[in-house]
Amino acid sequence: MKGKFIIGIDEVGRGALAGPVVVGAVAILDSNKKECFRILKDSKKLSEKQREKWFDFIKREPKIFFKTARVNPKGVDRINVTQAANLAAWRSVFELVRRIGEKNVKSIILDGGLFIKNKEFQAKTFKKIDKKTLIKADEKFKEVMLASIAAKVVRDRYMQKIHKKFPEYGFNRHVGYGTKLHKEKIKLCGLSLAHRRSFCKFLA
């Protein structure tokens, strides 16, 4: 494997009332200057169809590697959503670095609010890799943009799946976020196993 990789990390689902918080980690060769990156945007600025196309691109490209990780609602309730997002970030980047090799990683860029601290690592793992958390990194770095897309697509697909188990809440429409419809359904039906108790205690 030639060249050095930059890893971008971003999360989705932090503010949702139901479902997991999901973190994506995407590694791209520092020398990769594909023309298509010029039109790349953060997942929030793309349609569902556009995100799916970019996700297919991530999976198809031989020199792009990715991992996602999630913490379920019970985990979010137990350790709070910030710690859950950071835990998922650690899990995703650990697996990704293990796959491509620590010596092949130039740096790790995390979107604002996500942190990976050396004291949380085992032994000397990743201590030689430059790590930085940057505000609005998802608007500036292609690696982080693709990470946000991977996390969003994986989470949305998961919410579509659990909609089949809890169809009364309309997860296929709002994917767990606090829309008017979702809040009305919680008041009517109570909480499901997919809900975060700590986020919904004033609704149920």
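When you line the sequence shown up against the working numbering, it's residues -19 to 184, in that order.
Don't be surprised by glycine CBs; every beta carbon is placed ideally from N, CA and C.
(request) If I'm right that I88 touches I(-13) with Cβ under 8 angstroms, what's the distance once you round it to whole angstroms? (result) In the sequence shown, counting from the first residue as 1, residue 88 sits at position 108. In the sequence shown, counting from the first residue as 1, residue -13 sits at position 7. Contact flag correct, Cβ pair sits at about 5 angstroms.
(request) Starting from the Cα of Y157, find the closest Cα among K144, A174, K145, L168 and give me that residue. (result) Residue mapping note: residue 157 aligns to position 177 of the sequence shown, counting from 1. Selection K144, A174, K145, L168 evaluated against Y157 yields A174 as nearest (Cα-Cα).
(message) Taking the straight line between their C-alpha atoms, what separation do you get for C180 and L(-3)?
(response) Reading the sequence shown from its first residue, position 200 is the one you call residue 180. Reading the sequence shown from its first residue, position 17 is the one you call residue -3. Approximately 6 angstroms between the Cα atoms of the pair.
(request) Indicate the three-state DSSP secondary structure (helix, strand or coil) for L168 in the structure shown. (result) To locate residue 168, count along the sequence shown from 1; it is residue 188. Correct three-state label for L168: helix.
(message) Measuring straight from C-alpha to C-alpha, what distance separates I44 and D10?
(response) Counting from 1 along the sequence shown, the entry for residue 44 is found at position 64. Counting from 1 along the sequence shown, the entry for residue 10 is found at position 30. Roughly 11 angstroms between the two C-alpha positions.
(request) Leaving aside the five residues before and after W34 along the sequence, list all residues of the same chain whose C-beta is less than 6 angstroms from its C-beta, in chain order. (result) Residue 34 sits at position 54 when you count from the first residue of the sequence shown. Same-chain partners within the cutoff: I129.
(request) Report the rounded CA-to-CA distance for G(-1) versus P53, giving the unit in angstroms. (result) By one-based count along the sequence shown, residue -1 stands at place 19. By one-based count along the sequence shown, residue 53 stands at place 73. Distance between the alpha carbons of G(-1) and P53 is about 6 angstroms.
(message) Under 8 angstroms, with one C-beta from each stretch per pair, do the segment 111 to 129 and the segment 15 to 23 reach the 3-pair mark?
(response) yes
(message) Could you check whether the Cβ of K163 sits closer than 7 angstroms to any heavy atom belonging to the ligand FAD?
(response) No copy of the ligand FAD appears in this structure; indeed no ligand is present at all.
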